[in-house]
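Reviewing the structure listed below.
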Amino acid sequence: MPIGHEHRVPKRQLLTLNCHEAWVHQLEALGCPLEIIDGLPNRPVPSWDIRTRPVPENGRLITLAQAHEKPGGYDCIIAHSIQDLMDVRRIAGARLLVIHNRLESRLQSESKNHLDPPQVQQTLKHYLKLVGGHVVAVSAAKGQSWGFAGGDVVEFGVEITLDPPWNGELAAGLRVANQIDRKKEILLWDFHTAAFAGIPVTLIGHNPGMPGVYPSKDWDDLKQTFCRHRFFIHTAHPLLEDGYNMATIEAMAAGLPVLGNRHPSSPVEHGVSGFLSDDPATLNQYAHQLLADRELAGRMGQQARQKVARCFSRSRFASRFMKVIEKAMAYGHQRS
402 MPIGHEHRVP KRQLLTLNCH EAWVHQLEAL GCPLEIIDGL PNRPVPSWDI
452 RTRPVPENGR LITLAQAHEK PGGYDCIIAH SIQDLMDVRR IAGARLLVIH
502 NRLESRLQSE SKNHLDPPQV QQTLKHYLKL VGGHVVAVSA AKGQSWGFAG
552 GDVVEFGVEI TLDPPWNGEL AAGLRVANQI DRKKEILLWD FHTAAFAGIP
602 VTLIGHNPGM PGVYPSKDWD DLKQTFCRHR FFIHTAHPLL EDGYNMATIE
652 AMAAGLPVLG NRHPSSPVEH GVSGFLSDDP ATLNQYAHQL LADRELAGRM
702 GQQARQKVAR CFSRSRFASR FMKVIEKAMA YGHQRS
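Using our numbering, read the sequence shown as starting at 402 and increasing by one per residue.
Pasting the structure below:
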């Protein structure tokens with residue numbers, strides 16, 4: 402259910418663009434009317450994928466043309482890229498840019514362009530100044546990589562009470578990742594392969610080049626998949642990606658311990674809510690230990706749930722994100 406803010410601030414009219422369904426779905430917690438521009442060309446996600454998440458209860462899919470027709474515009478437009486900002490340049494409303502990726506990993510995935518990081522940072526800051534945009538990052542490291550050290554950060558929010566009970570009946574690990582072929586260095590895929598050799602692992606995500614790997618059927622199916630598995634896997638290069646992604650937090654909320662490499666931003670406490678090691682053989686031993694001991698996995702998973710409740714709750718996300726929206730609106734009013 403949405404986290405109510407109607408007693409503190411008016412319900413803001415929000416506009417966003419379809420980019421990352423799992424992240425956009427969090428905006429349901431704000432309790433504000435939300436319109437989502439869908440069907441834009443030349444996008445990785447051309448239309449809303451209900452296999453990832455349902456459309457937010459307070460949300461409505463619209464076209465870019467319909468957004469232009471809204472009388473008076475919006476209180477705040479939540480963008481996810483410079484391209485988004487350009488697409489909505491003629492629509493009235495405060496601008497809020499969400500940084501989802503590290504600049505280093507973005508440039509690596511687009512290495513054919515050979516862009517200079519400081520130049521990209523300056524270009525973004527210049528454009529934001531022109532349009533009066535404010536920035537929020539999903540992690541401090543991601544904000545810093547784009548030149549916004551010390552700026553606003555709002556981490557993911559997960560509602561742990563909505564997850565069905567964990568049972569861990571399937572003695573297997575689980576990983577959720579998309580476009581692995583393009584992100585092997587970012588995801589430390591060679592390390593993953595070595596660490597979980599001989600371990601049954603279910604892989605879920607959009608990976609057309611990997612036979613037998615498919616996205617979940619829908620959000621309910623993914624939650625059931627979380628609950629059946631013994632542990633979750635997240636490995637990532639410390640210089641290119643955070644020590645967790647949204648699926649990691651969702652898995653912890655569902656009661657799964659997490660296995661991965663050591664990472665300064667990992668939410669996992671080694672030996673308490675999961676196991677971390679930079680040695681593939683050692684991590685492999687930890688995986689075997691959890692496969693053999695369901696009760697241990699359950700105890701560690703409960704610690705993982707408590708960590709999420711403290712640091713990644715949906716109410717925390719809603720409260721902090723609404724404050725950032727108000728800040729973006731105040732900045733926009735100052736400029737106008």
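All residues carry an ideal CB built from backbone N, CA and C; glycine is no exception.
query, result
"Give me the Cα-Cα distance between Val456 and Ser617, rounded to the nearest whole angstrom.", "16 angstroms"
"Excluding the five sequence neighbours on either side, which residues of its own chain have a C-beta within less than 7 angstroms of the C-beta of Ile726, listed in chain order?", "Arg413, Cys477, Leu497"
"Quick one: residues in its chain with C-beta nearer than 6 angstroms to the C-beta of Ala596, no 5 flanking neighbours on either side, listed in chain order?", "Pro681, Leu684, Asn685"
"With H, G and I counted as helix, E and B as strand and the rest as coil, what does DSSP make of Ser667?", "coil"
"Run through DSSP, which three-state label would Leu575 get?", "strand"
"Using a threshold of 9 angstroms, state whether the C-beta atoms of Leu428 and Arg461 are closer than that.", "no"
"What whole-angstrom Cβ distance do Pro665 and Lys708 have, given they're in contact under 8 angstroms?", "The Cβ separation is near 16 angstroms, so there is no contact."
"Alpha carbon to alpha carbon, what distance is there between Phe722 and Arg706?", "22 angstroms"
"When burial is assigned at 16 or more other CB atoms within 10 Å of the CB, is Thr417 buried or exposed?", "buried"
"How about His630 and Thr649: are their beta carbons less than 9 angstroms apart?", "no"
"So, helix, strand or coil for Leu604, using DSSP?", "strand"
"Assuming Gly610 and Asp582 are in contact, meaning their beta carbons sit under 8 angstroms apart, how far apart are those beta carbons, in whole angstroms?", "5 angstroms"
"At 4 residues or longer, what runs of the alpha helix (DSSP H) sit wholly inside the segment 449-486?", "465-469"
"Looking at the secondary structure, which residues open and close the alpha helix (DSSP H) in which Leu531 lies?", "518-532"
"Tell whether a beta-carbon distance below 9 angstroms holds between Val499 and Ala538.", "yes"
"Given this structure, state the Cα-to-Cα distance separating Leu640 from Lys471, to the nearest angstrom.", "42 angstroms"
"Pull the bridge partners of Ile634 from the DSSP assignment, please.", "Leu660"
"Does Glu505 come out as helix, strand or coil in the three-state DSSP assignment?", "helix"
"Identify every residue that forms a DSSP beta bridge with Val537.", "Val499, Asp553"
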